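Residues in the sequence shown are numbered from 1 upward in steps of one, following full-length UniProt numbering.
Don't be surprised by glycine CBs; every beta carbon is placed ideally from N, CA and C.
Just so it is clear, the structure is predicted and the values come from calculations on it, not from any experiment.
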Amino acid sequence: MVDEMYADINNPENANDEYFSSRTILTTANAVVQRINEAVAQRLEGVSQEYLSTDSVEEDEEINFFEQEVLHTVNTNGIPPHKLTLKKGAPIMMMRNLNPELGPCNGTRLRIVELKPT
1 MVDEMYADIN NPENANDEYF SSRTILTTAN AVVQRINEAV AQRLEGVSQE
51 YLSTDSVEED EEINFFEQEV LHTVNTNGIP PHKLTLKKGA PIMMMRNLNP
101 ELGPCNGTRL RIVELKPT
């Protein structure tokens with residue numbers, strides 16, 4: 001499916017919004033989304049950049065219900081993944097904008113144009 005949808009993803013003539021706006025793969029399972037995302041990223045030329053979530057616990061907290069290692073494995077709706085691997089040119093979708101007045105709304109489809117080092 002990914003080969004059919006994104007066969008010419010590295011063609012410079014396709015590095016535009018129209019190319020990506022006419023291609024969408026929908027699924028209902030996070031695990032399937034992850035596999036599709038990895039397959040698309042493998043087809044993109046260039047180096048991937050990995051970003052990790054930042055975790056902190058208040059020092060006066062007496063009870064820690066979940067260990068960090070457990071939380072890092074959680075993959076459920078509404079919670080971003082602990083590890084996010086991105087590539088320049090990859091299509092993405094904004095799942096949650098914490099300040100919608102300043103930018104795109106939830107569900108906006110975007111394309112990565114630049115990645116900053118961590």
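Nearest residue (CA-CA) to residue 94, options 85, 87, 80:
80
Tell me the rounded alpha-carbon separation between residue 6 and residue 22.
11 Å
State the CB to CB distance for the pair residue 41 and residue 48, rounded to an integer number of angstroms; the pair is presumed to be in contact (CB under 8 Å).
6 Å
Sequence-distant residues of the same chain with beta carbon closer than 8 Å to residue 20, five excluded per side:
91, 109, 111
Sorted by chain position, which residues of the same chain lie with C-beta nearer than 6 Å to residue 87's C-beta, five sequence neighbours on each side aside?
41, 44, 46, 48
With H, G and I counted as helix, E and B as strand and the rest as coil, what does DSSP make of residue 48?
strand
Grab me the residues of residue 72's own chain with a C-beta within less than 7 Å of its C-beta, minus the 5 sequence neighbours each way, in chain order.
82
Pair within 8 Å by beta-carbon distance, residue 50 and residue 85
yes
Using DSSP's beta-bridge definition, name the partner residues of residue 96.
Partner(s): none; residue 96 has no beta bridge.
Per-residue DSSP class, three states only, for residue 12
helix
Own chain partners of residue 30 with C-beta closer than 8 Å, once the 5 adjacent residues on each side are dropped
75, 76, 77
Rounded straight-line distance, which links the Cα of residue 52 to that of residue 69:
13 Å
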